[in-house]
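First the structure, in the form of structure tokens, and then the observations on it.
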Amino acid sequence: MCGIVGYIGDKNCVPILIDGLKRLEYRGYDSAGIGIVRENDAIVVKNKGKVSLLEEKLVEQNLNSNLGIGHTRWATHGIPNEQNAHPHTNSKNNLFIIHNGIIENFQVLKNALIKLGYTFESDTDSEVFAHLIDSFLNKGYNLSKSVQMALIEVDGTYGLAVIYTLEPDKIIVARKGSPLVIGLGEGENFIASDVSAILAHTKQVIYLDDGEFAEVSINNFAVKTIEDETIEKEIHEINMSLDEIDKSGFNHFMLKEIMEQPESVRNSMRGRLQAESGSAKLGGLTDVVDRLINSKRIIISACGTSWHAALVGEYMLEQYARIPVEVEYASEFRYRSPIISSHDSFLVISQSGETADTLAALREAKNKGALALGICNVVGSTIARESMAGVYIHAGPEIGVASTKAFTSQLVVLALITLLISKRKGISKTKAVELATELNAIPKKIEQILNLNEGIERLAKDFQNAQNFLYLGRGYNFPVALEGALKLKEISYIHAEGYPAAEMKHGPIALIDENMPVVFIAPKDSTYGKVINNIQEVKARGGRIIAIADDADGEIDEIVDYTIKVPRTIEMLTPILTSIPLQLLAYHIAVKKGLNVDQPRNLAKSVTVE
Ligand code: F6R
Numbered sequence: 056m057c058g059i060v061g062y063i064g065d066k067n068c069v070p071i072l073i074d075g076l077k078r079l080e081y082r083g084y085d086s087a088g089i090g091i092v093r094e095n096d097a098i099v100v101k102n103k104g105k106v107s108l109l110e111e112k113l114v115e116q117n118l119n120s121n122l123g124i125g126h127t128r129w130a131t132h133g134i135p136n137e138q139n140a141h142p143h144t145n146s147k148n149n150l151f152i153i154h155n156g157i158i159e160n161f162q163v164l165k166n167a168l169i170k171l172g173y174t175f176e177s178d179t180d181s182e183v184f185a186h187l188i189d190s191f192l193n194k195g196y197n198l199s200k201s202v203q204m205a206l207i208e209v210d211g212t213y214g215l216a217v218i219y220t221l222e223p224d225k226i227i228v229a230r231k232g233s234p235l236v237i238g239l240g241e242g243e244n245f246i247a248s249d250v251s252a253i254l255a256h257t258k259q260v261i262y263l264d265d266g267e268f269a270e271v272s273i274n275n276f277a278v279k280t281i282e283d284e285t286i287e288k289e290i291h292e293i294n295m296s297l298d299e300i301d302k303s304g305f306n307h308f309m310l311k312e313i314m315e316q317p318e319s320v321r322n323s324m325r326g327r328l329q330a331e332s333g334s335a336k337l338g339g340l341t342d343v344v345d346r347l348i349n350s351k352r353i354i355i356s357a358c359g360t361s362w363h364a365a366l367v368g369e370y371m372l373e374q375y376a377r378i379p380v381e382v383e384y385a386s387e388f389r390y391r392s393p394i395i396s397s398h399d400s401f402l403v404i405s406q407s408g409e410t411a412d413t414l415a416a417l418r419e420a421k422n423k424g425a426l427a428l429g430i431c432n433v434v435g436s437t438i439a440r441e442s443m444a445g446v447y448i449h450a451g452p453e454i455g456v457a458s459t460k461a462f463t464s465q466l467v468v469l470a471l472i473t474l475l476i477s478k479r480k481g482i483s484k485t486k487a488v489e490l491a492t493e494l495n496a497i498p499k500k501i502e503q504i505l506n507l508n509e510g511i512e513r514l515a516k517d518f519q520n521a522q523n524f525l526y527l528g529r530g531y532n533f534p535v536a537l538e539g540a541l542k543l544k545e546i547s548y549i550h551a552e553g554y555p556a557a558e559m560k561h562g563p564i565a566l567i568d569e570n571m572p573v574v575f576i577a578p579k580d581s582t583y584g585k586v587i588n589n590i591q592e593v594k595a596r597g598g599r600i601i602a603i604a605d606d607a608d609g610e611i612d613e614i615v616d617y618t619i620k621v622p623r624t625i626e627m628l629t630p631i632l633t634s635i636p637l638q639l640l641a642y643h644i645a646v647k648k649g650l651n652v653d654q655p656r657n658l659a660k661s662v663t664v665e
């Protein structure tokens, strides 16, 4: 949430900042701004709305500077407008800050600063940083010390970057709860909230950890704790190319990422799945696998789409690995005094690896002695680094705000973990080989589903004006119903509910009439017969039915209004296939409604605030 980028070097920073902000726009896009320092002069340019509007404004001004910071905002405190956009400045206009996170005690600090004579221009919590740091500069401290002292006073979370006209040879950055990386170049350095912003310039990065701050100059960087201890940091090489974060000819990142799924799930399995022997090798779990297998309970915790993947994981692990599994919303887990011990394994799932609630749940479980594991996509993310062990899904960068390829790759990794544990717990070789062989065949089956794209686009036309949607599924496909509904509502703004199909009779059936489209996820699995009964109940009440069904199912076409056929697989893997037509349906409906599917209103890709 919110994107941060900064540059110090001998080039003009303005195009670098704008390019970085465009790449970060998926993190927040309600306003943007840059602050630059040149020859003791400081200039801030900000704008409500997209980075492209800021860019237009900047073209007119033709600015040039070797030091600058930029920010794209996802509003927390204060509406999206120019005043609330970052950077924020002190009243002398010689100090600029950009901030990602929330200052919990901002009102107390603000009141104290107002008493000291400071005036505030915005409604944001972030502006407190500008005046608070200024108050220490006024006492004669240098910039680094002033930032450090301000951080001691602040409760809350921050990824922070600060520049100051009187010390134009540095950017100060700090991190607590919101990611920050330093990018190392030749005669230039960068700072950013994630590597995509600076990947065009460098692949050498340093990840700041919570409680650290750094002074970054043209040729150097120094990292310290807020308590002033110097820290040696490891330099990481980013293994990602610029192509991976471009649209590659697609109209939207979301469509590109949907279409990438044969490859992304292949990458999730590569080097891990041994189909012939029916086994899985997960290097990241090697050291903890015995403890995992002997856990009395596995708790899986996540948010949003990743939480839906967790629900599927629960079905997989309980069916095959025979370990009790509980699934928890991370946001609920952390505030309800959970009972957890060293006999539990606690597995968090997060595409970004930065979701604040998921990270807090992981830390809570770790503190309570559980085996704390992570399934993440973003390499080097906070959750990946703080987990005791884990597995990367290797889906590649996911930029579209609506999660698609990360979901299917999360399911693949959960299937691999299931295979790994159940093999060790003695499932039959035949069963293990069947499971592994089916998993191996999944990418090809996804290719077949993606060939249905045009048909699904035509179907979307019939439903673009719907006001509501119901998604129903059972067993493994109940979480898919939730995920299908989430995809539709987040990008098309159509109200959609996901339910277990059998629950419909306990309330939602009252909603059904000829204006209510109902999507049934109905592959031929162990619940098929029951789902058909539920379909009949909807049909009897005039609902318009779309069914996601097996390609060999001839009978369902007679009952429903529309079918989307997916290839057959074993029950446990059906969600990987059935979720894909629902991604395409949501995508095409949203596009037909003229909406920005990659940046839906009010959302951001990485939810780093509670
Ligand atoms: C929905 C979506 C969100 C995320 C959720 C968790 O399409 O993307 O619901 O799944 O915010 O994010 P991660 O997986 O990054 O922890």
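With my numbering applied, the sequence shown corresponds to residues 56 to 665, in that order.
Just so it is clear, CB atoms sit at the ideal spot from N, CA and C, and this is done for glycine as well.
Enumerate in chain order the residues of its own chain whose CB-to-CB distance from residue 370 is below 6 Å, with the five nearest sequence positions on each side excluded. These residues qualify, in order along the chain: 531.
Same chain only: Cβ atoms within 7 Å of residue 516, ignoring 5 sequence neighbours per side: Here the set comprises 647.
With a threshold of 6 Å on Cβ separation, who are the neighbours of residue 277 within its own chain once the five nearest residues in sequence on each side are excluded? If we look at residue 277 and ignore the five residues flanking it on each side, its Cβ neighbours are 270.
With 16 other CB atoms within 10 Å as the buried threshold, where does residue 398 fall? Exposed: under 16 other Cβ atoms inside 10 Å.
Beta carbon of residue 601 nearer than 8 Å to that of residue 615: Result yes, Cβ atoms of residue 601 and residue 615 sit closer than 8 Å.
For the putative contact between residue 495 and residue 328, defined by C-beta atoms under 8 Å, what is the C-beta separation to the nearest angstrom? Contact between residue 495 and residue 328 is confirmed by a C-beta separation of about 6 Å, below the 8 Å threshold.
Have a look at the DSSP bridge pairing and note the partners of residue 426. In the DSSP output, where bridge partners are listed per residue, residue 426 has 400.
Alpha carbon to alpha carbon, what distance is there between residue 536 and residue 198? Near 53 Å, if we compare the C-alpha coordinates of residue 536 and residue 198.
Going by DSSP in three states, residue 358 sits in which element: helix, strand or coil? DSSP places residue 358 in coil when its eight states are reduced to three.
If you drop the 5 nearest sequence neighbours on each side, which residues of the same chain put their C-beta closer than 8 Å to that of residue 436? The residues are 234, 405, 407, 408, 409.
From the beta carbon of residue 508, is the nearest beta carbon of chain B less than 8 Å away? Reference to chain B is not applicable here, since this structure consists of a single protein chain.
Within a Cβ cutoff of 7 Å, which residues of the same chain sit near residue 189, ignoring the five residues on either side of it in sequence? The residues are 145, 150.
Rounded straight-line distance, which links the Cα of residue 650 to that of residue 136: Near 21 Å, if we compare the C-alpha coordinates of residue 650 and residue 136.
Considering only the beta carbon of each residue, do residue 141 and residue 88 sit closer than 8 Å? In this structure, residue 141 places its C-beta atom within 8 Å of the C-beta atom of residue 88.
Return helix, strand or coil for residue 79, following the three-state DSSP convention. Note: residue 79 maps to helix in three-state DSSP.
C-beta atoms of residue 100 and residue 112 nearer than 8 Å: One thing to note: residue 100 has its Cβ within 8 Å of the Cβ of residue 112.
Nearest to residue 462 (by Cα), restricted to the options 70, 363, 660, 61: Checked all of 70, 363, 660, 61; the closest Cα to residue 462 is 363.
How far does the beta strand (DSSP E) with residue 288 in it extend, from its first residue to its last? Secondary structure note for residue 288: it is in no beta strand (DSSP E), with a DSSP letter that is neither H nor E.
In whole angstroms, what is the alpha-carbon distance linking residue 431 and residue 528? Going by the C-alpha atoms only, they are around 27 Å apart.
Pick helix, strand or coil for residue 345, following the three-state DSSP scheme. Three-state result, residue 345: helix.
On the three-pair Cβ rule with 8 Å, is the segment 116 to 129 touching the segment 81 to 95? In this structure the segment 116 to 129 lies against the segment 81 to 95, because at least three pairs of beta carbons, one per stretch, are closer than 8 Å.
Taking the straight line between their C-alpha atoms, what separation do you get for residue 438 and residue 417? Going by C-alpha positions, residue 438 is about 8 Å away from residue 417.
Alpha-carbon to alpha-carbon, residue 576 and residue 617: Looking at the backbone, the Cα of residue 617 and that of residue 576 are separated by about 12 Å.
Count the other C-beta atoms from every protein chain shown that fall within 10 angstroms of the C-beta of residue 341, then say buried if there are 16 or more, exposed otherwise. Residue 341 comes out exposed.
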